[in-house]
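Visitor: The following block contains the structure, expressed as structure tokens.
Number of protein chains: 2
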Amino acid sequence: MKRNSRLSLALHTLGHMAGDPDRIRTSADIAEHAGTNPVVVRRVLGKLREAGLLISEKGHAGGWRLARGPEQITLADVYLALDERLVAGGAEEEDAPSCSIEHALQRKVASVLEEVERGLIERLAVTTIAEVREANDMAHSPERVAPLISKPSRPL
Amino acid sequence: MKRNSRLSLALHTLGHMAGDPDRIRTSADIAEHAGTNPVVVRRVLGKLREAGLLISEKGHAGGWRLARGPEQITLADVYLALDERLVAGGAEEEDAPSCSIEHALQRKVASVLEEVERGLIERLAVTTIAEVREANDMAHSPERVAPLISKPSRPL
DNA sequence: GATTGATGCAACATGAAATGTTACACATGC
DNA sequence: GCATGTGTAACATTTCATGTTGCATCAATC
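Structure representation (structure tokens):
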């Protein structure tokens, strides 16, 4: 895997789950499909569980599944669950710099970045996992609609 | 220094230069004030020179100075000069993923991020170095205005 | 209730990218 | 020609995300 790919992994997994919400998937299966490691999967999906997007079940037939319908999970939910902050990092907080010029500039940039991040979240909030999935299905499937009971051809 | 601080260093330096545009500063002076290394300063300011914001002069009395008035340098100019892309990284390009679901999600996120970055640049473009500097001076200086010939108390 | 197969978590290993450092070629004013 | 700059390459260091291993724990099934 490459850098900063937690959001990618999270969305990817949720996208598949949206196509067959009742199925329970194991970290190992997910990791294999995503080309990464089961522990990494648990770390990322663990965040989504904390945020109430996923449910994990321990024990024998355990694994992961959606905590609610895919039409009730927006991209913003996922973004916020992982506390990635794609838009942060301009000059970052830390103990305020002693130099007042630097301080003023950092405050300015920080306020712009806050605004922009709000904009990002707003835009992510209008799209659900289900919508992206449907758009994808319409573009690829001859039947024009996602089968609820998925075909044998391993949907994950 | 910490991570991703090139923008911070660049703005900090330009902010000081804006207060005394004619003065020529050496990498060593700038580095000392910013708490970093002269070579790092040259690397970062070199980007600003490529973008036409700064001029560097070699040789004996060489050093760095603004290429134009501080009221003609916006925060966006600086942001674009260093090709930082604070808003990038959601799922990044690379060879398109084989999985169509992942592909669809990445395209969606990428398009949102592009929009958001345009927004960021627009917001940065409305503020000049001079403006931030003035706001800072008004808040701190008793004389309410930045002295053009700066006081002995080393302004950089 | 022992086994099996899953999560949860901590500790450590690896890799990559940003920053820091050293060294030296080159330019320029004195 | 010497002092004092930049320009740049090569290397060292630091930092952080990701990858890995190991083990405790839990739950279904035999």
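Those sequence lines, one after another, are chains A and B. According to the working numbering, the first sequence is numbered sequentially starting from 81. According to the working numbering, the second sequence is numbered sequentially starting from 81. Positions of the beta carbon are idealized from the N, C-alpha and C atoms, including for glycine.
(1) Runs of 4 residues minimum, wholly inside the segment 83 to 113 of chain B: which ones carry the alpha helix (DSSP H) assignment?
(2) Are there three or more Cβ pairs, one per stretch, closer than 8 Å when the segment 177 to 190 of chain B is compared with the segment 189 to 198 of chain A?
(3) If you draw a straight line from the alpha carbon of A:P227 to that of A:E214, how long is it in whole angstroms?
(4) Determine whether the beta carbon atoms of A:T154 and A:T93 lie at a separation below 8 Å.
(5) Mapping DSSP to helix, strand and coil, what is B:L166?
(6) Using a Cβ-Cβ cut-off of 8 Å, state whether A:R213 counts as contacting chain B.
(7) Thinking just about the alpha-carbon of each residue, which of A:H113, A:L133, A:D102, A:A98 is nearest to the one in B:S178?
(8) Just to confirm my understanding: we take A:I110, look at its own chain, exclude 5 residues before and 5 after, and list those with CB closer than 6 Å. What are they?
(9) Going straight from the alpha carbon of B:G142 to that of B:G199, what length do you get?
(10) Around the C-beta of A:M218, are 16 or more other C-beta atoms found within 10 angstroms, so that it is buried, or is it exposed?
(11) I'd like the list of long-range same chain contacts for A:T106, defined as Cβ closer than 7 Å, with 5 residues on each side in sequence excluded.
(12) Just how far apart, CA to CA, sit A:A161 and B:H140?
(13) For B:V192, which residues in chain A fall below 9 Å Cβ to Cβ?
(14) Given that B:H96 touches chain A, what residues does it touch there, using C-beta distances under 8 Å?
(15) Counting only Cβ-Cβ distances shorter than 8 Å, please list the residues of the segment 131 to 145 of chain B near chain A, keeping chain order.
(16) Assuming A:L204 contacts A:Y159 under a Cβ cut-off of 8 Å, what Cβ separation, rounded to an integer in Å, is found between them?
(17) Of all Cβ atoms in chain B, is any one closer than 8 Å to the Cβ of A:N117?
(18) With B:A90 and B:P150 assumed to form a contact (beta carbons below 8 Å), what rounded beta-carbon distance in angstroms separates them?
(19) What residues are listed by DSSP as bridge partners for A:R145?
(20) Give me the DSSP bridge partner(s) of B:T154.
(21) Using a Cβ-Cβ cut-off of 8 Å, state whether B:V167 counts as contacting chain A.
(22) Taking the alpha-carbon positions, what's the A:V212 to A:H96 distance?
(23) Between A:I201 and A:A156, how many whole angstroms is the CB-CB distance? I'm expecting something under 8 Å.
(24) Counting contacts by CB-CB distance shorter than 8 Å, is A:V124 in contact with chain B?
(25) Based on Cα-Cα distance, which residue from B:T116, B:S136, B:V206 lies nearest to B:L125?
(26) So which residues on chain B does A:E112 lean against when the C-beta distance must stay under 9 Å?
(27) Please decide whether B:L91 counts as near chain A, where near means a Cβ-Cβ distance under 8 Å.
(28) Would B:R103 pass as a contact of B:E164 if the rule is Cβ separation under 8 Å?
(29) Within the same chain, show all residues whose beta-carbon is closer than 6 Å to that of B:S233, passing over the 5 residues directly before and after it, in chain order.
(30) Kindly say whether B:E195, judged by its beta-carbon, lies nearer than 8 Å to any beta-carbon of chain A.
(31) For B:P101, which option in B:G115, B:P118, B:A184, B:Q152 has the closest C-alpha, if you only look at C-alpha atoms?
Guide: Reading it off the structure:
(1) Within the segment 83 to 113 of chain B, the alpha helix (DSSP H) runs of at least 4 residues that lie entirely inside it are, in chain order, 86 to 98.
(2) no
(3) Here residue 227 of chain A is taken as the residue at index 147 of the first sequence, counted from 1. Here residue 214 of chain A is taken as the residue at index 134 of the first sequence, counted from 1. Caution is warranted here: a pLDDT of 48 is assigned to A:P227, below 50, making its placement in the model unreliable, and no coordinate value can be reported.
(4) Residue 154 of chain A sits at position 74 when you count from the first residue of the first sequence. Residue 93 of chain A sits at position 13 when you count from the first residue of the first sequence. Not closer than 8 Å, so no.
(5) On the second sequence, residue 166 of chain B is found 86 positions in, with the first residue counted as 1. Coil, per DSSP.
(6) The residue labelled residue 213 of chain A in the question sits at position 133 within the first sequence. Interface residue, yes.
(7) Within the second sequence, residue 178 of chain B is the residue found at index 98, counting from 1. When only C-alpha atoms are compared, the closest one is A:H113.
(8) Counting from one through the first sequence, the residue named residue 110 of chain A turns up at place 30. Counting only Cβ-Cβ distances below 6 Å, and skipping sequence neighbours, we find T93, V121.
(9) Taking the second sequence and counting its residues from 1, the one referred to as residue 142 of chain B is at position 62. Taking the second sequence and counting its residues from 1, the one referred to as residue 199 of chain B is at position 119. Straight-line Cα distance between these residues: approximately 38 Å.
(10) Locating residue 218 of chain A in the first sequence gives position 138, where the first residue counts as 1. Around the Cβ of A:M218, a 10 Å sphere holds fewer than 16 other Cβ atoms; the residue is exposed.
(11) To locate residue 106 of chain A, count along the first sequence from 1; it is residue 26. Answer for A:T106: G143, listed in chain order.
(12) The sequence position of residue 161 of chain A within the first sequence is 81, counting from 1. The sequence position of residue 140 of chain B within the second sequence is 60, counting from 1. Distance between the alpha carbons of A:A161 and B:H140 is about 55 Å.
(13) Looking up residue 192 of chain B in the second sequence gives position 112. Chain A residues near B:V192: L155, L200, R203, L204, T207.
(14) By 1-based counting over the second sequence, the position of residue 96 of chain B is 16. The answer, in chain order, is I181.
(15) Of all residues in the segment 131 to 145 of chain B, none has a Cβ within less than 8 Å of some Cβ in chain A.
(16) If you number the first sequence from 1, residue 204 of chain A lands on position 124. If you number the first sequence from 1, residue 159 of chain A lands on position 79. 5 Å between Cβ atoms; contact.
(17) For the purposes of this step, residue 117 of chain A is taken as the residue at position 37 of the first sequence. So, not an interface residue.
(18) Sequence index remark: in the second sequence, residue 90 of chain B carries index 10 (1-based). Sequence index remark: in the second sequence, residue 150 of chain B carries index 70 (1-based). About 13 Å separates the two Cβ atoms, so there is no contact after all.
(19) As a working mapping, residue 145 of chain A is identified with position 65 in the first sequence. Answer is A:I135.
(20) Your numbering for residue 154 of chain B matches position 74 in the second sequence. DSSP output for B:T154 lists B:T208 as bridge partner(s).
(21) Stepping through the second sequence from its first residue, residue 167 of chain B is reached at position 87. For B:V167, the answer is yes, since a Cβ of chain A falls inside 8 Å of its Cβ.
(22) As a working note, residue 212 of chain A is residue 132 in the first sequence. As a working note, residue 96 of chain A is residue 16 in the first sequence. For A:V212 and A:H96, the distance between alpha carbons rounds to 11 Å.
(23) As a first step, residue 201 of chain A must be located in the first sequence, where it is residue number 121. As a first step, residue 156 of chain A must be located in the first sequence, where it is residue number 76. The pair is a contact, with the Cβ atoms about 5 Å apart (cut-off 8 Å).
(24) By 1-based counting over the first sequence, the position of residue 124 of chain A is 44. Not closer than 8 Å to any Cβ of chain B, the Cβ of A:V124 fails to qualify, so no.
(25) For this step, residue 125 of chain B is matched to residue 45 along the second sequence. The residue with the shortest Cα to Cα distance from B:L125 is B:S136.
(26) Residue 112 of chain A sits at position 32 when you count from the first residue of the first sequence. Within 9 Å Cβ-Cβ: nothing; A:E112 doesn't reach chain B, min ~12 Å.
(27) Counting from 1 along the second sequence, the entry for residue 91 of chain B is found at position 11. Judged by the 8 Å Cβ criterion, B:L91 is in contact with chain A.
(28) Residue mapping note: residue 103 of chain B aligns to position 23 of the second sequence, counting from 1. Residue mapping note: residue 164 of chain B aligns to position 84 of the second sequence, counting from 1. Cβ atoms of B:R103 and B:E164: not closer than 8 Å.
(29) Mapped onto the second sequence, residue 233 of chain B falls at position 153. Model confidence at B:S233 stands at a pLDDT of 43, short of 50, so the residue's coordinates are unreliable; what they give is reported in the following sentence. Here the set comprises nothing.
(30) The residue you call residue 195 of chain B lines up with position 115 of the second sequence. B:E195 has a beta carbon lying within less than 8 Å of a beta carbon in chain A.
(31) Counted from its first residue, the second sequence places residue 101 of chain B at position 21. If we check each option's Cα against that of B:P101, B:Q152 comes out closest.
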